[in-house]
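Scroll down for the structure; my scribbles are underneath it.
Protein chains: 2
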Amino acid sequence: MIAHWYGQRSMVDDTDVSQALEQLRRTGGRVTQQRRLVLQALVDAQPHPSAEDVAERVAAVAPDVHMSTVYRTLNTLTELGVISHVHIDHGPSLYHFADDVRPHLVCRQCGRVDHVDAETFEAVRATIESASGFRLDRGHFAWSANCPACRDDLD
Amino acid sequence: MIAHWYGQRSMVDDTDVSQALEQLRRTGGRVTQQRRLVLQALVDAQPHPSAEDVAERVAAVAPDVHMSTVYRTLNTLTELGVISHVHIDHGPSLYHFADDVRPHLVCRQCGRVDHVDAETFEAVRATIESASGFRLDRGHFAWSANCPACRDDLD
DNA sequence: CGCTTGTTACGAGTCGCTCGCAACAGCGGG
DNA sequence: CCCGCTGTTGCGAGCGACTCGTAACAAGCG
Chain W
81 MIAHWYGQRS
91 MVDDTDVSQA
101 LEQLRRTGGR
111 VTQQRRLVLQ
121 ALVDAQPHPS
131 AEDVAERVAA
141 VAPDVHMSTV
151 YRTLNTLTEL
161 GVISHVHIDH
171 GPSLYHFADD
181 VRPHLVCRQC
191 GRVDHVDAET
201 FEAVRATIES
211 ASGFRLDRGH
221 FAWSANCPAC
231 RDDLD
Chain E
81 MIAHWYGQRS
91 MVDDTDVSQA
101 LEQLRRTGGR
111 VTQQRRLVLQ
121 ALVDAQPHPS
131 AEDVAERVAA
141 VAPDVHMSTV
151 YRTLNTLTEL
161 GVISHVHIDH
171 GPSLYHFADD
181 VRPHLVCRQC
191 GRVDHVDAET
201 FEAVRATIES
211 ASGFRLDRGH
221 FAWSANCPAC
231 RDDLD
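Line by line, the protein sequences give chains W and E. Just add 80 to the spot in the first sequence (first one is 1) and you have our numbering. Just add 80 to the spot in the second sequence (first one is 1) and you have our numbering.
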C-alpha cells in the first residue's frame, strides 16, 4: 500500500538509543538486552517501522525475544515519551523517536507519505486554534489526503 | 473515552435511507430488510456509531441479523459512497452518512470531539496544498489535538 | 554475591473485523 | 403469480494486531 516515501530523512541515530536507555534508568526501569535491541532496531528500521518490523529485526539478532516483549517495550518507551507512533490508513501503528515527530500526509490512493514542514504546520495550527480553540498534535494521526499525482481522482 | 460531543448536530434523516436504498438498487444491488435496518440504525444512532453500535440497534429489532452482515453492509455502502467512517483515536471505525463528512478534531486527553467549519477547513486545505501539493481529505481521519480545557497539559 | 523487584518468554485471550460456504431471497422475465 | 438467476445472508472459522497472567529470570543496589 505504501509505495514510496520522500521528503527529508529523519536524523535519528545512536545517541537516541543511549538517551532512551538513560531515561529508562533514571525512572527506575532496567536496561535489558531486549530493550537495547528494540531501540537499535528502531534506529535501523527508519523511518517508520511497525512493531512487526521491529520484532523482525530483533529476531534476526536474538530469535528468542518474544513479540510481546517488543510490544511491551514499545509501550514503555511511549509512556516515557521517548518514542511515539502514528496511524497511517488502516494497518498497524508505525513507530518513531519522539524527537522525530512531524505531521504526516498520506495519499489515500497510492499511499505516498510526505511531511508537513514546521512553518506550514504552525500556520495551520494557529488557524485551527483560533477557529475552535483546539490545539493540533504534531503527530499521532496522519492527515489523509491526495497527492499531486492522484489528485484528479476525487474531491 | 469520548465524553462529550458538541457543535451542530448532523442533518441526517430518513431521506438519507431512501436515497441510499435507491443508489443500491440503481447499481444492481438488492434492497433487503437487513440493509434497511442497518441504514435505519445509522440514522438513529447519530452522530457517529461504531459497527457494534449499529449491530446492537439492528439486533434490538431483528436479533438474527448477523454481525458480518452489518460489516458487509457498511462496506458495501462505503463503496457506493453513501456512507463513510472516521478513525478516532484507537478503537473501532465510526460511521456516518457521506453527506455529513466534516473534519473532526479529537482531544487526546478527554476525548471531546469538535468539527472544523467548512471555511476554516478550506483555508487549511489551501495552505497545505500550496506547501506540499497534497489535497486534504475532509474526513476519514480525525485530527488529534488538545481541547481548550486540556490544553495546559502538553505542547 | 545476594536479594529485591522489575522484566521476560510463553501461550492463551481479546478486539475488530474478514471470509468461505451453503442456504436463502430479491426482483426481472415470462 | 411463479421461476430462476444471482446477489445476500447466517454461521463459524480465521486473522491481524495486540494484551495479559504467570512463573522463571536477571538488573543493579547494598
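Beta carbons are placed, not taken as given, at the ideal position from N, Cα and C, and that holds for glycine. Note that the structure is predicted; figures quoted are calculated from it, not measured.
Problem set entry | Classification of Val141 of chain W by the beta-carbon crowding that lies within 10 angstroms, buried from 16 upward | exposed
Problem set entry | Given Val145 of chain W as reference, the closest of W:Ile208, W:Ala178 and W:Gln113 once Cα atoms are compared | W:Gln113
Exercise. According to the neighbour-count rule (16 or more other Cβ atoms, all chains shown, within 10 Å of its Cβ), is Pro129 of chain E buried or exposed?
Worked result: buried
For this session: Measure from the C-beta of Arg302 of chain E to each C-beta in chain W and report whether the shortest distance is under 8 Å.
Result: Here chain E has residues from 81 to 235 only, and residue 302 of chain E is not among them.
Problem set entry | Reduced DSSP category for Arg215 of chain W - H, G, I as helix; E, B as strand; rest coil | strand
Exercise. For Asn226 of chain W, which residues in chain E fall below 8 Å Cβ to Cβ?
Worked result: Phe214, Arg215 and Asp217
Problem set entry | Residue-level contact to chain E via CB, Cys190 of chain W, 8 Å cutoff | no
For this session: Decide yes or no for the touch test of the stretch 188-201 of chain W against the stretch 215-234 of chain W: beta carbon pairs closer than 8 Å, at least 3 of them.
Result: yes
Problem set entry | Cross-strand partners of Ala225 of chain E (DSSP beta bridge) | W:Leu216 and E:Cys187
Exercise. In the DSSP assignment, what residue or residues form a beta bridge with Met177 of chain E?
Worked result: According to the sequence displayed, residue 177 of chain E carries Phe and not Met. Note: Phe177 of chain E sits in a beta bridge opposite E:Ile163.
Exercise. Does Thr200 of chain W get closer than 8 Å to chain E when you measure Cβ to Cβ?
Worked result: yes
Exercise. Do you know how far the Cα of Pro183 of chain W is from the Cα of Val196 of chain W?
Worked result: 5 Å
For this session: List the residues of chain W that Leu119 of chain E touches, going by C-beta distances under 9 Å, in chain order.
Result: Under the 9 Å cutoff, chain W gives no residues; its nearest Cβ is about 23 Å from Leu119 of chain E.
Problem set entry | Euclidean distance between Cα positions of Glu132 of chain W and Ser98 of chain E | 44 Å
Problem set entry | Partners in chain E for Asp194 of chain W, counting only beta-carbon separations shorter than 7 Å | Ser212 and Phe214
Exercise. Can you tell me where the alpha helix (DSSP H) with Val138 of chain E in it begins and where it stops?
Worked result: Ala131 to Val141
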